[in-house]
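Chemist:
Numbering (the numbering used here), first residue to last: 154 to 365.
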């Protein structure tokens, strides 16, 4: 297969999977040699075994990290720090795309970013929404679930000092009723206690904001 033919087949895809190409009847040995050559030439970007992105000059589909996260490991949704950042609740650009999955924990370090997946049991795989970003689909935790996922998965002891260190902002976007409902749904006393601390912090911060 020549590069021009390959491009015609895959240019509209977000991710190039060798398994899909093999399903079209391509010779596995020949295809692997070609893909390796194109990767060495910088035309393809390897992101995990058998998965590639087209390099920028050849890519028609824009790179959306949050959408790519859902393709690399499914089922999963973007949560924790990246979830908070996506909603504008923390100011810092996070160093990696953080997600939760019902599968095993994983981390993919790629030329386009690091994608980290934490395991969560199926009974806690909820509290996210489907969004469309530049014509691509991403699963993003609601802000309240993103914060509670941090508390649960990182075993955080929530305090006012901890919440200040997070530098939470735009707290008007935080739904306190939903926060407490989610905390009860977790079914763990420590999560409910943490949610109560978060609620007190948000109420106090909102009052301080109005007083300025």
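Glycine residues also receive a C-beta, built at the ideal position from the N, C-alpha and C atoms.
Skipping 5 residues on each side, what residues in its chain have a beta carbon closer than 6 angstroms to that of residue 217?
Modeler: 286, 287, 289
Chemist: Between the C-alpha atoms of residue 365 and residue 202, what's the straight-line distance to the nearest angstrom?
Modeler: 53 angstroms
Chemist: Quick one: grab the DSSP three-state call for residue 248.
Modeler: coil
Chemist: Among 230, 199, 170, 234, which has the Cα closest to the Cα of residue 291?
Modeler: Answer by Cα proximity: 230.
Chemist: To the nearest angstrom, how far is the alpha carbon of residue 320 from that of residue 210?
Modeler: 38 angstroms
Chemist: Any idea if residue 234 is buried or exposed, counting beta-carbon neighbours within 10 angstroms, 16 or more meaning buried?
Modeler: buried
Chemist: Would you call the stretch 264-282 and the stretch 297-317 touching, i.e. three or more CB-CB distances under 8 angstroms?
Modeler: yes
Chemist: Cβ of residue 351 within 8 angstroms of Cβ of residue 265?
Modeler: no
Chemist: How many whole angstroms separate the CB atoms of residue 306 and residue 339, which I take to be in contact at a CB cut-off of 8 angstroms?
Modeler: With a Cβ gap of about 11 angstroms, residue 306 and residue 339 do not count as contacting.
Chemist: Taking buried to mean at least 16 other C-beta atoms within 10 Å of its own C-beta, is residue 220 buried or exposed?
Modeler: buried
Chemist: Within 10 angstroms of the Cβ of residue 236, are there 16 or more other Cβ atoms? Answer buried if so, exposed if not.
Modeler: buried
Chemist: Taking the alpha carbon of residue 269 as the reference point, which residue from 284, 253, 276, 275 has its own alpha carbon closest?
Modeler: 253
Chemist: Extract the residue ranges of the beta strand (DSSP E) inside the stretch 247-282, only unbroken runs of 3 or more that lie entirely within it.
Modeler: 250-254, 259-263, 266-272
Chemist: Using only alpha-carbon positions, find the residue among 187, 313, 190, 271 that is nearest to residue 255.
Modeler: 271
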